[in-house]
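Engineer:
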Amino acid sequence: MSNLVRNPIRIVWRKELRDAIRDKRSVMAAMSYAFFGPLLMAVAFYVMISQLTDPSDVEIDITGAEHAPALVEHLNSNGIVERDKPWPAGRQPIVLAIGESWAEDIALAKPAPVTLTADFSATKQTGDLRRIERAIEGYSNQIAFIRMQMRGLDPRVVQPIELVKHDTATKGSRSAILMGSVLIFILLSVFFSGMNVAIDISAGERERNSLELLLSQPLSSHQLVLGKALAASCFAMFGGVLSVVLIPIIFRFLPLHNIGISLTLDWTMMLLIVLMLAPLALFATALQLFVSFRAKSFKEAQTYISFLLMLPMLAVFGVEFARLKNPILYYLPLTGQHQALLDIIKGDSLQWLPIFISAGVTAILSLLIIRYIGRMLASEKVVFGL
Amino acid sequence: MIEVTGLRKQFGEVVALDGLTFTAPEGQITGLLGPNGAGKTTCLRTIYGLLKADSGHALIDGIDASKQPLEARRNIGIFPDKFGLYERLTAREQVAYFAALHGLEKQAGEAAVQQALERLDMLAIADRKATGFSQGQRMKVALAQAIVHSPKHLILDEPSRGLDVMSTRILRELLRELRGQGTSILFSSHVMQEVAALCDQVVVVAKGKVAAQGTTEELCAQTGETALEEAFVKIIGTDEGIAA
Chain A
1 MSNLVRNPIR IVWRKELRDA IRDKRSVMAA MSYAFFGPLL MAVAFYVMIS QLTDPSDVEI
61 DITGAEHAPA LVEHLNSNGI VERDKPWPAG RQPIVLAIGE SWAEDIALAK PAPVTLTADF
121 SATKQTGDLR RIERAIEGYS NQIAFIRMQM RGLDPRVVQP IELVKHDTAT KGSRSAILMG
181 SVLIFILLSV FFSGMNVAID ISAGERERNS LELLLSQPLS SHQLVLGKAL AASCFAMFGG
241 VLSVVLIPII FRFLPLHNIG ISLTLDWTMM LLIVLMLAPL ALFATALQLF VSFRAKSFKE
301 AQTYISFLLM LPMLAVFGVE FARLKNPILY YLPLTGQHQA LLDIIKGDSL QWLPIFISAG
361 VTAILSLLII RYIGRMLASE KVVFGL
Chain B
1 MIEVTGLRKQ FGEVVALDGL TFTAPEGQIT GLLGPNGAGK TTCLRTIYGL LKADSGHALI
61 DGIDASKQPL EARRNIGIFP DKFGLYERLT AREQVAYFAA LHGLEKQAGE AAVQQALERL
121 DMLAIADRKA TGFSQGQRMK VALAQAIVHS PKHLILDEPS RGLDVMSTRI LRELLRELRG
181 QGTSILFSSH VMQEVAALCD QVVVVAKGKV AAQGTTEELC AQTGETALEE AFVKIIGTDE
241 GIAA
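Just so you know, the sequences run in chain order A and B. Going by UniProt numbering, 191 is the number at position 191 of the first sequence; the sequence numbering is gapless. Going by UniProt numbering, 15 is the number at position 15 of the second sequence; the sequence numbering is gapless.
1. Buried or exposed: residue 316(A), going by 16 or more other Cβ atoms within 10 Å of its Cβ?
2. Got a sec: which bits of the region 39 to 54 of chain B sit with their beta carbon under 7 Å from any beta carbon on chain A, in order along the chain?
3. Within 8 Å, do at least three Cβ pairs link the region 218 to 232 of chain A to the region 356 to 375 of chain A?
4. If I'm right that residue 146(B) touches residue 77(B) with Cβ under 8 Å, what's the distance once you round it to whole angstroms?
5. Please state if the CB of residue 291(A) and the CB of residue 235(A) are separated by a distance shorter than 9 Å.
6. Quick one, are the C-beta atoms of residue 65(B) and residue 90(B) less than 9 Å apart?
7. Only counting runs of 4 or more residues, tell me where the alpha helix (DSSP H) segments fall wholly within the region 63 to 139 of chain B, in order along the chain.
8. Given this structure, state the Cα-to-Cα distance separating residue 2(A) from residue 149(B), to the nearest angstrom.
9. To the nearest angstrom, how far is the alpha carbon of residue 77(A) from that of residue 283(A)?
10. Return helix, strand or coil for residue 189(A), following the three-state DSSP convention.
11. Report yes or no: do the region 315 to 329 of chain A and the region 178 to 190 of chain A share at least 3 C-beta pairs separated by less than 8 Å?
12. What three-state label does DSSP hand residue 45(B) in the structure shown?
13. Return the chain-ordered list of same chain residues with a C-beta closer than 8 Å to the C-beta of residue 227(B), the five sequence neighbours on each side being excluded.
14. Whole angstroms are fine: how far does the CA of residue 85(A) sit from the CA of residue 71(A)?
15. Leaving out five residues on either side along the sequence, give the residues of the same chain with a beta carbon under 6 Å from the beta carbon of residue 257(B).
16. Are the Cβ atoms of residue 47(B) and residue 23(B) separated by less than 9 Å?
17. Contact check, residue 63(A) vs residue 95(A) under 8 Å by CB: the rounded distance?
18. When the Cα of residue 363(A) is compared with those of 346(A), 332(A), 382(A) and 384(A), which residue comes out closest?
19. Could you name the residues of chain B that residue 218(A) contacts, counting a contact when the two beta carbons are closer than 7 Å?
20. Rounded to whole angstroms, what's the CA-CA distance from residue 73(B) to residue 379(A)? Just pull it up for me.
21. For residue 6(B), which residues in the same chain have their Cβ closer than 8 Å to its Cβ, ignoring the five residues on either side in sequence?
22. State the beta-bridge partners of residue 59(A) as determined by DSSP.
23. Just verifying my parser: in three-state terms, what is the DSSP assignment at residue 1(A)?
24. Check the Cβ-Cβ distances between residue 298(A) and every residue of chain B, and say whether any is below 9 Å.
25. Just to confirm my understanding: we take residue 343(A), look at its own chain, exclude 5 residues before and 5 after, and list those with CB closer than 6 Å. What are they?
26. Less than 9 Å between the beta carbons of residue 204(A) and residue 30(A), yes or no?
27. Can you tell me the Cα-Cα spacing of residue 141(A) and residue 88(A), whole angstroms?
28. So what does residue 57(B) bridge to, in DSSP terms?
29. Note down, one range per segment and in chain order, each beta strand (DSSP E) of at least 3 residues found wholly within the region 84 to 138 of chain A.
30. What three-state label does DSSP hand residue 334(A) in the structure shown?
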């Protein structure tokens, strides 16, 4: 039969893709998330890094500096300097007062009083105060050691315990804590980028009254839904790939090394991430089509989908912040990809079996949802809203 | 040939089709005439398998669309009750989409699309996007979609609504030409003039049942009236919901 339709899925896919690419709103939606998500992230990181590594001097009032020039010099070399500007309004002044008897007390080996006056509850100044205390303690220790050596004692007798801190955090694992939130952006990009297309090809089809004719064509509703889902997935992947490519580029401009973090993704890793996103993109669009095929209009579908978007966000943020550790997370859709991405970022060895299983589970679940939507569209109740 | 036998369909309490029986033979134009809400659209939707009848069946060349929907739909062209266009596609692309769904791709598809566009005198708008099309132009695109694969059966739901005089003439010529080629054409209408001008056979539907069946002359003779309009009012017992 010459009329035999060879591959309706491809025909539907091609038509929907062409239609969607011409829709500026869909293209913008896919791109803007991939652009602005990482950019927003980068700004937040930038602010955080500059706060963590604030190298500026602590400026305080020092009275009686003339009594102890060596101490003041020690403080200066530790970034604590005498203030020459007035304190800003609302800020409690920090005053370090060196007693007149300093030289005498030091000479007689008596404790020399140094008074630090400040509002110790002011969180903004906590870091500053700690630096001052540490600097003075350091100076105090220096003098103590010299005195003991002069008396023929090993200074180590007053240091019975030496606490050795062995930091096992690699550069990668330290960054994982921060990069976890970046990953969430990559994962969610496939949920956001294809959303507009998914609504347009389902609820939109109903809204513009083209669904009835389409369902009366010689292709099964399952083929129709699969073609549409693949088209929307392409858009989701477009956004996903864009964010995978953009995130390392944007983060190159951040002074991550200042806080001992490195984010390097080589091409093979990026390719692997993209491959892992592919079944997730299909899963995201299948879920979105499922809700928006039930909606009667674009607006209604948007409402449903915004609720639906909470699901992956809750799942990923939940795992991320509750620090859930359960092997099953490696095998489920979304959390499986999340865990694998975490391993990649941390530089841990990859667990290939869970990666393949979670990809398979994601793909199979997506196809089941698509099949269910196909069955839904064969029902006159759903199609005509009876 | 389209054969409808004892079709019954109920939506909740409402009986939309109540044992509808008629045939639309090859090479003939069969008009489904009835007031609004008589069950015309329900009947057509059941024929191409979008609705499932509670009892009875509708056969397209012996194929039941509720059992073998894809086979049945390959042989029909549909102009539905509600048709919407893809605003971002050109008229040609829309028609090509439906041609492709019927297996006409590449050269065969292009040729079929070109022929349909020419036939409906729409080459001037063929490569424009559908946004901004007039109602008449939209109807033409929908018609082109229905005939692009040269179906043996053509089912049209109120095809002349919103058409201007020129477009109506093109539609009528098209239907007569297709009839000449042996297509069985079934169309619904509540416009009397159109049915009188076109149909070889009129099926008057009221409350989901066939109220009368025959040529225009036969219906007039049955009721003893000279004009179809009077005959129609007499048959369905009211003039509600019809247009002259």
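Backbone N, C-alpha and C define an ideal beta-carbon position, used for all residues, glycine too.
Structural biologist: This is what the structure holds:
1. Per the 10 Å Cβ criterion, buried.
2. Answer set for the region 39 to 54 of chain B: 48, 50, 51 and 52.
3. Enough Cβ pairs lie closer than 8 Å, so yes.
4. Contact between residue 146(B) and residue 77(B) holds: their C-beta atoms lie close to 4 Å from each other, under 8 Å.
5. The beta carbons of residue 235(A) and residue 291(A) sit no closer together than 9 Å.
6. 9 Å or more divides the Cβ of residue 65(B) from the Cβ of residue 90(B).
7. For the region 63 to 139 of chain B, whole alpha helix (DSSP H) runs of length 4 or above, ordered along the chain, are 69 to 74, 91 to 101 and 106 to 119.
8. With a pLDDT of only 40 at residue 2(A), under 50, the local geometry of the prediction cannot be trusted, and the value read off the model is given with reservation. Taking the straight line from one Cα to the other gives about 11 Å.
9. Computed Cα separation, rounded: 59 Å.
10. Helix, per DSSP.
11. A contact exists between the region 315 to 329 of chain A and the region 178 to 190 of chain A.
12. Helix.
13. Excluding its 5 nearest sequence neighbours in each direction, residue 227(B) has C-beta neighbours in its own chain below 8 Å: 220, listed in chain order.
14. Distance between the alpha carbons of residue 71(A) and residue 85(A) is about 22 Å.
15. Any answer about residue 257(B) is impossible in this case: the structure gives chain B only from 1 up to 244.
16. No; because the gap between Cβ atoms is not below 9 Å, this pair is not in contact.
17. At roughly 7 Å, the Cβ-Cβ gap stays under 8 Å, so residue 63(A) and residue 95(A) are in contact.
18. Ranking 346(A), 332(A), 382(A) and 384(A) by Cα distance to residue 363(A) puts 332(A) first.
19. Within 7 Å Cβ-Cβ: 70, 73, 74, 101 and 102.
20. Between residue 73(B) and residue 379(A), the C-alpha separation is close to 17 Å.
21. Within the same chain, residue 6(B) has close Cβ partners 19, 20, 21, 55, 56 and 57.
22. 81(A).
23. With a pLDDT of 39 at residue 1(A), under the threshold of 50, the modelled position of that residue is not reliable, and the figure given next carries that caveat. Of the three classes helix, strand and coil, the one that applies to residue 1(A) here is coil, per DSSP.
24. Closer than 9 Å: no.
25. Answer for residue 343(A): 350, listed in chain order.
26. No.
27. Straight across, the Cα-Cα distance linking residue 141(A) with residue 88(A) is about 34 Å.
28. Paired residue(s): 5(B).
29. The DSSP assignment places complete beta strand (DSSP E) segments of no fewer than 3 residues inside the region 84 to 138 of chain A at 95 to 98 and 114 to 117, in order along the chain.
30. Looking at residue 334(A) - three-state DSSP - the assignment turns out to be coil, as it is neither helix nor strand.
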